[in-house]
RNA sequence: CGGGGUAUAGCACAGUCCGGUAGUGUACCUGGUUUGGGACCAGGGGGUCCUAGGUUCGAAUCCUAGUGCCCCGACCA
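Residue numbers (this note's numbering): 1437 to 1927.
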């Protein structure tokens, strides 16, 4: 049992780290705080990327690419923005190395100091709004609906694979609009795209809502988000969509002539999801045997393992497998036939469970004799022997069933871990013993939110969009409140 | 940047207290037997014991200084 995982319940963090490494998703690199995404992990990310990109295009967006480096002066133009990111920026100060005169390798050439330092982008609002100034003169130039797939760097103190790394891959949409209403509509539209993606493809249920002022993006007037619950009862922010108002347009002097010929500042949004979604995917579904991947994102949905003693038996099995594969492929199902003789069947079973392959077919001499196939599903770890005839339909239905089953499991888990509380004692008790989301009244002030955070580490994850109007008293201050918000300990 | 821990084979670790030829598991290589849930037997390769200095006949082990990494805080998608 070379790859046995630490149990989820024993040490969730360790379980997560081991799983990410052993399932070949990613590993820590030699570079501080950075991560190597391995081919299997990247294959999952590519599937996410492809689907998201499709959804962005469906909603009218196009892709572009902006520079990695941002002149320092751009950064200081939006006050809240610089305050939010200044503490975690990587800065380029020189442009050349030279041989160390003392013979110790190379050193930074002190003569090659940049006149203006360059910031490695932690996010691209500033460089993009600087660019948009040249793109926008008239109402006819609007809206601009651009997305960028890129890497960004945030110099985090402590990092965790996928959840928080110094460099990460993401997409960032940056849109410009003629009216406030249109920009707000875009902000909602994109948070809905994210929610649809995470729920339908990742099979992770999310809560859509607004961030409180404390948690809002630096430079935004409103931040919409989707929040997911992990199996250890901690919340994970899975995506954000910001209504930026006219802040960046004013900071970068981006105005357009409206239909009346008058100059107005444009209205902006930005929205992003990152490789952090990979962390959400792992933590939401996996178990002590390894990953559980939703069929819609698995690099291959079905693995076929032959069981044989002799070469003749393998030939017979392969002949049958060669009939199955085209049937599955015709239904758009991706298949891997692992006929390698380097590993034994038992090893392969364990390995593909670790990697989260949704469906495994085992074909051995008994099956050849009986005209059957053994079908194992990853999510429930159950096995069935089914007829070879109609196997393609069976697997197609099974994949759909798995996709829905793991969503439902995550949904039920979240429902069970969401608690409505009305007193401060209850709040602390639930947080400590049960975890998960706590639905409670809040007086709406940043001070109260901060005090709750200081005392319990819990933060307001969001003010749910579908929160019902309800008279109540703040769970901490006792001041009046008109709706419940969601608290949790967050990643 | 505070508090704690740790550094020995690709990986996980023992050996350190009490100085005396560098070990175990796993992975890797070769051969054979195996193959319906991580096979077994035999043989083999692989080490600046984090770095520098000191004590000693002799240091992975003791002393001094430095460095890396991990965990817990502060910071954060």
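C-beta atoms are modelled at their ideal positions from N, C-alpha and C, and glycine is treated no differently.
Owing to the predicted nature of the structure, the values given are computational and were not obtained by experimental measurement.
(message) If we require 3 or more residues per run, which beta strand (DSSP E) segments fall completely within the region 1685-1742?
(response) 1691-1693, 1699-1701, 1703-1710 and 1738-1742
(message) Tell me which residues share the same chain as residue 1455 and place their Cβ nearer than 7 angstroms to its Cβ, disregarding the 5 neighbours each side in the sequence.
(response) For the purposes of this step, residue 1455 is taken as the residue at position 19 of the first chain. Correct list, in chain order: 1441, 1718, 1722, 1726 and 1727.
(request) Starting from residue 1790, trace the alpha helix (DSSP H) both ways and give me its first and last residue. (result) Taking the first chain and counting its residues from 1, the one referred to as residue 1790 is at position 354. 1781-1790 is the span of the alpha helix (DSSP H), which, as asked, contains residue 1790.
(message) Measuring straight from C-alpha to C-alpha, what distance separates residue 1435 and residue 1845?
(response) Residue 1435 cannot be examined here, being either before or after the span of the chain that is shown, 1437 to 1927.
(message) Just verifying my parser: in three-state terms, what is the DSSP assignment at residue 1925?
(response) As a position in the first chain, residue 1925 is number 489, starting the count at 1. Three-state result, residue 1925: coil.
(message) Considering Cα atoms alone, identify which of 1675, 1668, 1917 and 1893 is closest to residue 1854.
(response) Against the first chain, residue 1854 aligns to sequence position 418. Answer by Cα proximity: 1668.
(message) Considering only DSSP beta bridges, list what residue 1802 is partnered with.
(response) In the first chain, the residue the question calls residue 1802 occupies position 366. The partner list for residue 1802 (beta bridge, DSSP) is empty, contrary to what the question assumes.
(message) Between the alpha carbons of residue 1935 and residue 1878, how many angstroms are there, rounded?
(response) With the chain covering only 1437 through 1927, there is no way to say anything about residue 1935.
(message) Tell me the rounded alpha-carbon separation between residue 1705 and residue 1470.
(response) Position 269 of the first chain holds residue 1705. Position 34 of the first chain holds residue 1470. Looking at the two C-alpha atoms, the distance is approximately 29 angstroms.
(request) With DSSP as the reference, please indicate the residues paired to residue 1902 in a beta bridge. (result) Counted from its first residue, the first chain places residue 1902 at position 466. Note: residue 1902 sits in no beta bridge, so no partner.
(message) So, at 6 angstroms on beta carbons, what are the nonlocal neighbours of residue 1437 in its own chain, with the 5 sequence-adjacent residues on each side left out?
(response) What you label residue 1437 is simply residue 1 of the first chain in a count that begins at 1. Below a pLDDT of 50, predicted positions are generally treated as unreliable, and residue 1437, at 35, falls in that range; the measurement from the model is reported next regardless. None.
(message) Taking 8 angstroms as the cut-off, does the region 1740-1752 touch the region 1635-1651 (at least 3 CB pairs, one atom from each stretch)?
(response) no
(message) For residue 1709, count the other beta carbons within 10 Å of its own beta carbon; 16 or more makes it buried, fewer makes it exposed. Which is it?
(response) By 1-based counting over the first chain, the position of residue 1709 is 273. Residue 1709 is buried by the Cβ-count criterion.
(request) Count the C-beta pairs between the region 1610-1626 and the region 1863-1878 that are closer than 8 angstroms, then say yes if the count reaches three, no if not. (result) no
(message) Tell me whether the region 1507-1519 and the region 1560-1576 touch, counting them as touching only if at least three CB pairs, one residue from each stretch, are closer than 8 angstroms.
(response) yes
(request) Spatial neighbours of residue 1496 within its chain, please: CB distance less than 8 angstroms, with the 5 preceding and 5 following residues excluded, ordered by chain position. (result) For the purposes of this step, residue 1496 is identified with residue 60 of the first chain, where counting begins at 1. Correct list, in chain order: 1581.
(message) Which runs of the beta strand (DSSP E) at least 3 residues long sit entirely within the region 1582-1644? Give them in chain order.
(response) 1603-1613
(message) Taking the straight line between their C-alpha atoms, what separation do you get for residue 1760 and residue 1746?
(response) To locate residue 1760, count along the first chain from 1; it is residue 324. To locate residue 1746, count along the first chain from 1; it is residue 310. Their backbone Cα atoms lie some 21 angstroms apart in a straight line.
(request) Under 7 angstroms Cβ to Cβ from residue 1451, same chain only, skipping five residues before and after it: list those, please. (result) Taking the first chain and counting its residues from 1, the one referred to as residue 1451 is at position 15. Here the set comprises 1441, 1442, 1443 and 1444.
(request) May I ask you to verify whether the region 1457-1469 touches the region 1566-1576, counting CB pairs closer than 8 angstroms and requiring at least 3? (result) no
(request) Can you tell me the Cβ-Cβ gap for residue 1602 and residue 1468, rounded? I've got them flagged as a contact below 8 angstroms. (result) As a first step, residue 1602 must be located in the first chain, where it is residue number 166. As a first step, residue 1468 must be located in the first chain, where it is residue number 32. About 7 angstroms separates the two Cβ atoms, so the contact holds.
(message) Pop quiz: residue 1790 and residue 1813 are said to be a contact at Cβ under 8 angstroms. What is the actual Cβ separation, rounded to whole angstroms?
(response) Position 354 of the first chain, counted from the start, is the residue given in the question as residue 1790. Position 377 of the first chain, counted from the start, is the residue given in the question as residue 1813. So it is not a contact: roughly 15 angstroms between Cβ atoms.
(request) Report the residue from 1707, 1690, 1520 and 1715 whose alpha carbon sits nearest the alpha carbon of residue 1480. (result) As a position in the first chain, residue 1480 is number 44, starting the count at 1. Considering only alpha carbons, the answer is 1715.
(message) Assuming the contact rule is C-beta atoms closer than 8 angstroms, residue 1502 and residue 1567 should be a hit. Round their C-beta distance to whole Å, please.
(response) Translated into positions along the first chain, residue 1502 becomes position 66. Translated into positions along the first chain, residue 1567 becomes position 131. At roughly 6 angstroms, the Cβ-Cβ gap stays under 8 angstroms, so residue 1502 and residue 1567 are in contact.
(message) Excluding the 5 residues flanking residue 1736 on each side, which residues of the same chain have their C-beta closer than 7 angstroms to its C-beta?
(response) Walking along the first chain from the start, residue 1736 turns up at place 300. Closer than 7 angstroms at Cβ, skipping near neighbours: 1770, 1771, 1772 and 1793.
(message) Using C-beta distances below 6 angstroms, list every residue in its chain close to residue 1492, excluding the 5 sequence neighbours before and after it, in chain order.
(response) Position 56 of the first chain holds residue 1492. If we look at residue 1492 and ignore the five residues flanking it on each side, its Cβ neighbours are 1583.
(request) Measure the C-alpha to C-alpha separation of residue 1478 and residue 1461 and round it to an integer number of angstroms. (result) Locating residue 1478 in the first chain gives position 42, counting from the first residue. Locating residue 1461 in the first chain gives position 25, counting from the first residue. For residue 1478 and residue 1461, the distance between alpha carbons rounds to 7 angstroms.
(request) Determine the closest residue to residue 1707 out of 1720, 1756, 1623 and 1757, with distance taken between C-alpha atoms. (result) The sequence position of residue 1707 within the first chain is 271, counting from 1. Closest option to residue 1707, Cα to Cα, is 1623.
(request) Specify the secondary structure class of residue 1437 as computed by DSSP and reduced to three states. (result) In the first chain, counting from the first residue as 1, residue 1437 sits at position 1. Low local confidence applies: a pLDDT of 35 at residue 1437 is under 50, so the model's placement there is unreliable, and no value is given.
(request) Quick one: give me the first and last residue of the beta strand (DSSP E) that residue 1812 is part of. (result) Your numbering for residue 1812 matches position 376 in the first chain. It spans 1808-1813 - the beta strand (DSSP E) in which residue 1812 sits, taken as one unbroken run.
(request) Spatial neighbours of residue 1779 within its chain, please: CB distance less than 8 angstroms, with the 5 preceding and 5 following residues excluded, ordered by chain position. (result) The sequence position of residue 1779 within the first chain is 343, counting from 1. Only 1787 meet the Cβ criterion.
(message) Is it buried or exposed, residue 1663, if we count other Cβ atoms within 10 angstroms and call 16 or more buried?
(response) Residue mapping note: residue 1663 aligns to position 227 of the first chain, counting from 1. Buried is the call here.
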